[in-house]
Amino acid sequence: MAANQEQEREVQKSYWMHSVDLTVEAMMLDSNACDLDKEERPEVLSLLPTYEGKSVLELGAGIGRFTGELAKKAGELVALDFIESVIKKNETINGHNKNVKFMCADVTSPDLNFPEGSLDLIFSNWLLMYLADKEVEDLAQRMVKWLKVGGYIFFRESCFHQSGDHKRKSNPTHYREPRYYTKVFKECHSYDNAGNSFELSLMSCKCIGAYVKNKKNQNQICWIWQKIGSDDDRGFQKFLDNVQYKSSGILRYERVFGQGFVSTGGIETTREFVAKLDLQPGTESPRCRDKPALFRTFYKWLKPGGKVLISDYCRSDGTPSAEFAEYIKQRGYDLHDVKAYGQMLRDAGFDEVIAEDRTDQFIKVLEKELDAVEKEKEAFIQDFSEEDYNDIVGGWKAKLVRVHIGEQRWGLFIAKKK
């Protein structure tokens, strides 16, 4: 995937280097661009939420068709494009606006960053259709983090097929269905440093009237999203569904743990632990961050003599380091030391509580899993990507470091209801 993304960027850069004259016609790829621009540009600007005196980021700014207009109202504006000659032309035209900063950068670069919660509006016009799917998804996630709560994202794309009448020797544009963009941005989710969860709310989705009127084209579509706080449980579920346990993540975990398993040890530890209980087919283990409430619920569900068995990540007693605390927050975990974990089960009403520190076993399992992945490096990369491989290997090595220094633990808990 990483190699494919690099190739994608080179193709796109080569495609846009053709614009030697740097005109509106060249940017809009239409012979009727000047007339279209007179209707379309005011229409697009009229759709934007209020941004007077606000902090605005324009991605894919081009030669500045919208930059000058945005600068009239914005408190501060960053105009960004990845073709140097293009952004320089923009600066030549709009550089007299002292509230504008011009930046030559690639939106897909991990080096491009803005402070979290610093922007009121992120604007782009015909940008995402020049990015690969993975690039769109990654950028969308980053944009949510950059936005202030209550801030907006506006983007407009050509869907289904091209709209301009310019003939092109090559056309690397991705003409997607509108539902793709809606799905990607709807699934975006982020947490702030305090652990509060946020998502995007769709405020508007409509086609550009100027293209309907002049070209009978309803496939020029724009979206407006607002960053809002999300319900904690719903936000956490979205995090699990779209980040840690999205389909690609599950497949990667299964490659490490074995088919059908997404947790430490796979079939071996499952067989060992399940042997301690008389489990029936179909029994499920829910995941919840409010462990005391969950344990009380378990207690209510169980018949007298019933048992609960849990294997779970734990932590050492005391305050976690800043790095480990950040890992816990990023994962959405609720970790306790083994002793405290056992006490929560007792507080919920359980008797005969067994709380075992299985960290030594955890180390052996992690080392075995890491060794298996590293031995199949080429096959793993072929099935997934080098980025996925590095992510898994790096994650396992980091986990081993946390375990060896004593911060991360692994516990096994069995509790019985009288």
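When we follow full-length UniProt numbering, the leftmost residue of the sequence shown carries the number 1, and every step to the right adds one. Every residue, glycine too, gets a C-beta built ideally from N, C-alpha and C. Values in this document were obtained by computation on a predicted structure and should not be read as measured data.
Put simply, the backbone Cα of residue 63 is about 23 angstroms away from that of residue 175.
DSSP links residue 125 through a beta bridge to 156. Nearest to residue 305 by C-alpha distance, out of 48, 414, 392 and 319, is 414. Take residue 299, set aside five residues on each side of it, and the residues of its chain with a beta-carbon closer than 7 angstroms to its own are 348, 349, 350 and 417, in chain order.
If you draw a straight line from the Cα of residue 80 to the Cα of residue 114, it comes to about 12 angstroms. If you ignore the 5 residues before and after residue 117, its C-beta comes within less than 6 angstroms of the C-beta of 148, all in its own chain and listed in chain order. For the pair of segments examined, the segment 353 to 371 was found to touch the segment 335 to 345: the number of CB pairs separated by less than 8 angstroms reaches three. Contact between the segment 370 to 382 and the segment 311 to 321 is absent: fewer than three C-beta pairs spanning the two stretches fall below 8 angstroms. Taking a C-beta distance under 9 angstroms as the contact criterion, residue 210 and residue 70 do not qualify as a contact pair. The residue from 192, 380, 364 and 151 with its alpha-carbon nearest to that of residue 203 is 151. Straight across, the Cα-Cα distance linking residue 329 with residue 65 is about 41 angstroms. DSSP lists 153 and 202 as the beta-bridge partner residues of residue 225.
For residue 102, the uninterrupted beta strand (DSSP E) segment begins and ends at 100 to 104.
When the beta-carbon positions are compared, residue 127 and residue 157 come within less than 9 angstroms of each other. C-alpha of residue 39 to C-alpha of residue 49: approximately 19 angstroms in a straight line. Secondary structure of residue 388 (DSSP, three-state): helix. When C-alpha distances from residue 325 are compared across 46, 195, 185 and 218, the shortest belongs to 195. Residue 312 is a Cβ neighbour of residue 410, given a cutoff of 9 angstroms. Per DSSP, residue 82 is not a residue of any alpha helix (DSSP H), being assigned neither H nor E.
Taking a C-beta distance under 9 angstroms as the contact criterion, residue 400 and residue 310 do not qualify as a contact pair. In the DSSP assignment, the residues bridged to residue 411 are 312 and 357. In the DSSP secondary-structure assignment, residue 321 is not bridged to any residue. In the three-state reduction of the DSSP assignment, residue 120 falls in the strand class. For the 9 angstroms CB-CB criterion, residue 208 and residue 58 do not form a contact.
DSSP places residue 364 in the helix class (H, G or I) of the three-state scheme. Under DSSP, residue 189 shares a beta bridge with 199. Here residue 230 is buried: its Cβ has 16 or more other Cβ atoms, across all protein chains shown, within 10 Å. Membership of residue 335 in any beta strand (DSSP E) is not indicated, and neither H nor E is assigned to it by DSSP. Looking at the backbone, the Cα of residue 363 and that of residue 403 are separated by about 7 angstroms. Of the candidates 92, 124, 109 and 111, the residue whose Cα lies closest to the Cα of residue 47 is 124. In this chain, the alpha helix (DSSP H) harbouring residue 69 covers 67 to 73. Take residue 200, set aside five residues on each side of it, and the residues of its chain with a beta-carbon closer than 8 angstroms to its own are 144, 153, 185, 186, 188, 225, 226, 227 and 228, in chain order.
Cα atoms of residue 67 and residue 294: separation of roughly 53 angstroms, rounded to the nearest angstrom. Across the set 60, 308, 34 and 56, the C-alpha of 56 shows the shortest separation from the C-alpha of residue 75.
Using a Cβ distance threshold of 9 angstroms, residue 77 and residue 99 count as a contacting pair.
As the crow flies, the alpha-carbon of residue 133 is around 50 angstroms from that of residue 303.
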